[in-house]
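Participant: Below: one structure in structure tokens.
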Amino acid sequence: MYFEERLEYAWRRSDEGKRKTLRLWLGQSKRCPMCKQLITFETGWNIHHIIERHMGGGDELDNLVLLHPNCHRQLHSAVPALSIEKGLTKA
Numbered sequence: 001m002y003f004e005e006r007l008e009y010a011w012r013r014s015d016e017g018k019r020k021t022l023r024l025w026l027g028q029s030k031r032c033p034m035c036k037q038l039i040t041f042e043t044g045w046n047i048h049h050i051i052e053r054h055m056g057g058g059d060e061l062d063n064l065v066l067l068h069p070n071c072h073r074q075l076h077s078a079v080p081a082l083s084i085e086k087g088l089t090k091a
């Protein structure tokens, strides 16, 4: 989430970043792809990399989505649990 937080901070401070955020928001029909609810100023949002940067993903718009902060936390907290389960074998 480190790179996502840095990107979000930079985007909120620049006109180009605000335009990119607007493009993502409109491209998602103003909705969070996880819970399908509207993203508003009141709900807030986080930028999420579909393919994480440490896995080779970049900051291109086609690799980014806007998520509600809670949905974003749930997504990241689920990833380690899923990878741990994949590594388990039955005794």
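Mind the numbering: the sequence shown is residues 1 to 91 in UniProt numbering, read in order.
We put the beta carbon where it would ideally sit given N, CA and C, even for glycine.
Going by DSSP, what residues sit across from Ile47 in a beta bridge?
Facilitator: Mapped onto the sequence shown, residue 47 falls at position 47. DSSP lists Leu66 as partners of Ile47.
Participant: Report yes if the CB atom of Ile47 is closer than 8 Å to the CB atom of Leu64, and no otherwise.
Facilitator: What you label residue 47 is simply residue 47 of the sequence shown in a count that begins at 1. What you label residue 64 is simply residue 64 of the sequence shown in a count that begins at 1. Cβ atoms of Ile47 and Leu64: closer than 8 Å.
Participant: Can you check whether the CB of Leu61 is closer than 8 Å to the CB of Arg23?
Facilitator: Against the sequence shown, residue 23 aligns to sequence position 23. Against the sequence shown, residue 61 aligns to sequence position 61. Yes.
Participant: With distances taken between CB atoms, is the gap from Leu66 to Trp45 smaller than 8 Å?
Facilitator: The residue given as residue 66 occupies position 66 in the sequence shown. The residue given as residue 45 occupies position 45 in the sequence shown. Yes, these two residues count as a Cβ contact at 8 Å.
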